[in-house]
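Chemist: Note that the numbering used here numbers the sequence shown so that position 290 is 340, with each residue one more than the last.
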Amino acid sequence: MAEKPLVTIVVVPRERFGVAVESLESIVEHTEVPYRLIYVDGGSPKPVAAELRALCEAQGFDYLRYDSFLSPNQARNIGLSRVETRYVAFLDNDVICSPGWLSTVIATAQETGAEVIAPLICQKRPLHTEVHQAGGLIADDLEAFLAAAPEDRRLRDEHVHQRSKVADLALKREETQFCEFHCVLVERALFDRIGPLDEALTATREHLDFSLCVWTNGGRVVFEPKSVVTYLFPSRDTPLQRADWPFFTLRWSPVWILKSLDRFCEKWGITNDPYVEKLRATAGWRHTVGLGRSMTARIPFGRHVAEKAVVLPLLDLWGRRMAAQHARRAAGLRPSQISSAGRHQ
C-alpha cells in the first residue's frame with residue numbers, strides 16, 4: 051500500500067503567471083516524498099490555465115480555477131481549507147524548486163518540533179545561486195518589540211544575506227524571526243491556534259503578520275538552509291509578459307499596499323514608525339520598476355516625465371478600479387473549474 055502523504059502543497063498566484071508552468075514542472079520534477087497538491091489558479095490567462103490544468107490532471111493534483119484575480123492570502127486560505135495532512139507547504143507560482151526541497155523541511159520540522167520551517171530562498175537566474183532571504187529579522191529584539199508601547203515599536207524587516215552568493219556563505223539551521231510565503235512549511239494544527247491568514251493584508255507585510263502570529267501564540271520559526279528554492283521576480287532575464295500586467299497592477303496597486311499597511315499597523319499597535327512611513331511614501335515603487343519603466347523604454351526622450359506624469363497615474367487608476375471590482379466579488383467567489391483527478395503518491 052502506498053505511503054500516506056504527510057504534506058499538502060498549496061500553490062497560489064503571487065504577482066504574475068508567466069513562469070507558473072515552469073514552477074509547477076519543477077515541483078513535479080524535484081519532489082520525491084508522497085504529497086498532495088492543491089493548485090489555486092486565480093485568473094491566469096487562458097493558455098496558461100489550460101497548461102496548468104493539464105499538468106494537474108496528469109499528476110492527480112487538485113486544480114481550482116477562479117476566473118477573477120485573488121490576493122495571495124485569499125488564495126492560501128482557499129487551499130488551506132482543503133488540507134487534511136499534518137503539514138501544508140505554501141508555494142508561490144513563481145518559485146522554482148531544487149531536489150529534496152520538501153523532504154528536507156519535513157525532516158527539520160520533525161527533528162526540531164517547530165511549527166514553521168523556512169527554506170533558503172534564492173532569487174534570479176542562475177537558479178539557486180543568489181540569496182533572496184536566509185531567514186529574516188522583524189525587529190532588533192523581538193521580545194522587546196512586542197513588549198514596547200505602540201509609539202516605541204520599530205520594525206526592522208530585514209532579509210538576512212539578501213543578494214549574497216550562496217557559495218560564499220556558511221549557513222546553518224537556526225531559529226529566525228520571520229519566514230516569507232514564497233515557500234514555507236507549516237504544521238496544519240497551528241492554524242487551529244492562530245486562525246486563517248489575514249485577508250485584509252492584500253499586498254504587503256503578510257509574512258510579518260503571520261510570523262508575529264506564530265511567535266505570539268507559542269510557535270517557532272526555524273530556518274533550514276539545506277532546502278533551497280528560487281523566486282523569479284520580474285527582471286531582464288525573466289520579464290513580465292503583457293498578459294501579466296493586469297494582475298501585477300492590482301497586486302501592487304498603492305490602494306492595496308496602503309490598505310495592507312493600515313491593517314498591519316492597527317493590528318500590531320505600530321504608530322509613528324519611520325520605516326512604515328517610508329513604505330507609505332514609496333507605495334508605487336513596484337509599478338515603477340515592474341511596469342512603468344518597461345512601458346516607456348522605447349520613448350526616445352522625456353521618458354521619465356512620461357512615466358511620472360502619465361504612466362504611473364494611469365496604473366494607479368487601473369489598480370484602484372480593479373481593487374474595487376475585487377472587493378465587490380470577494381464575497382461570492384466560487385471556482386469555475388474543479389479538477390480532482392486523484393491523489394499523488
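Virtual Cβ for every residue (Gly too), placed ideally from N, Cα, C.
#1: Please report the distance separating the alpha-carbon of F140 from that of W306.
#2: So who's on the other strand from I244, going by DSSP bridges?
#3: Is it buried or exposed, E224, if we count other Cβ atoms within 10 angstroms and call 16 or more buried?
#4: Compute the Euclidean distance between the alpha carbons of P176 and A199, then round it to the nearest angstrom.
#5: The beta strand (DSSP E) that contains S389, what's its start and end?
#6: To the nearest angstrom, how far is the alpha carbon of D312 from that of T158?
#7: Taking the beta carbon of Q227 as the centre, do at least 16 other beta carbons fall within 10 Å, making it buried, or is it exposed?
#8: Provide the residue span of the alpha helix (DSSP H) that contains I77, from first to last.
#9: To which residues of the same chain is R393 closer than 8 Å at the C-beta, ignoring the five residues directly before and after it?
#10: Mind the definition here: the stretch 257 to 267 touches the stretch 144 to 157 only if three or more C-beta pairs lie below 8 Å; say whether that holds.
#11: Report yes if the C-beta of R64 is less than 6 Å from at least one heavy atom of the ligand NAD; otherwise report no.
#12: What residue range does the beta strand (DSSP E) around F351 cover?
#13: In whole angstroms, give me the CA-to-CA distance for R245 and V166.
#14: Kindly list the residues whose CB is nearer than 7 Å to the CB of T135, restricted to its own chain and excluding five residues on each side of it in sequence; keep chain order.
#15: Would you give the residue range spanned by the alpha helix (DSSP H) that K54 belongs to?
#16: Since V210 is in the beta strand (DSSP E), which residue starts that stretch and which ends it?
#17: Kindly list the residues whose CB is nearer than 8 Å to the CB of C315, restricted to its own chain and excluding five residues on each side of it in sequence; keep chain order.
#18: Taking the runs of the alpha helix (DSSP H) that are 4 residues or longer, which of them lie wholly in the stretch 282 to 314?
#19: What residue range does the alpha helix (DSSP H) around D202 cover?
#20: Evaluate the contact criterion for the stretch 334 to 344 versus the stretch 354 to 373: three or more CB pairs, one atom per stretch, below 8 Å.
#21: Going by beta carbon distance, what residues of the same chain come within less than 7 Å of Q212, once the five residues before and after it are set aside?
#22: Would you say V279 and P122 are within 7 Å of each other, going by their C-beta atoms?
#23: So, helix, strand or coil for G340, using DSSP?
#24: Does the Cβ of E79 have 16 or more other Cβ atoms within 10 Å, making it buried, or fewer, making it exposed?
#25: In angstroms with no decimal places, state the Cα-to-Cα distance between K132 and F231.
#26: What are the start and end residues of the beta strand (DSSP E) that includes H182?
#27: Just the Cα atoms here: how many angstroms apart are E357 and W295?
Modeler: Result, derived from the coordinates:
#1: 22 Å
#2: For I244, which the question treats as bridged, DSSP gives no partner whatsoever.
#3: exposed
#4: 45 Å
#5: In the DSSP assignment, S389 falls within the unbroken beta strand (DSSP E) covering Q387 to S390.
#6: 35 Å
#7: buried
#8: A70 to H80
#9: With a pLDDT of 45 at R393, under the threshold of 50, the modelled position of this residue cannot be trusted; read the value that follows with caution. Within the same chain, R393 has close Cβ partners P55, R86 and G110.
#10: no
#11: As far as ligands go, the structure on display features none, and thus does not contain the ligand NAD.
#12: Here F351 belongs to no beta strand (DSSP E), and DSSP marks it neither H nor E.
#13: Sequence check: residue 245 is Gly here, not Arg. In a straight line, the C-alpha of G245 is about 15 Å away from that of V166.
#14: Excluding residues within five positions, the ones whose Cβ falls inside 7 Å are P55, L56, V57, T58, R86 and R238.
#15: Careful: K54 lies outside any alpha helix (DSSP H) and carries neither H nor E.
#16: No beta strand (DSSP E) contains V210, which DSSP labels as neither H nor E.
#17: T321, D323 and V326
#18: Qualifying alpha helix (DSSP H) stretches, in chain order: 295 to 301.
#19: Unbroken run through D202: none, as it is neither H nor E.
#20: A contact exists between the stretch 334 to 344 and the stretch 354 to 373.
#21: V181, H182 and Q183.
#22: no
#23: Looking at G340 - three-state DSSP - the assignment turns out to be helix.
#24: exposed
#25: Residue identity differs from the one stated: residue 132 is Arg in this sequence, not Lys. Distance between the alpha carbons of R132 and F231 is about 18 Å.
#26: V181 to Q183
#27: Answer to the nearest angstrom: the Cα atoms are 16 Å apart.
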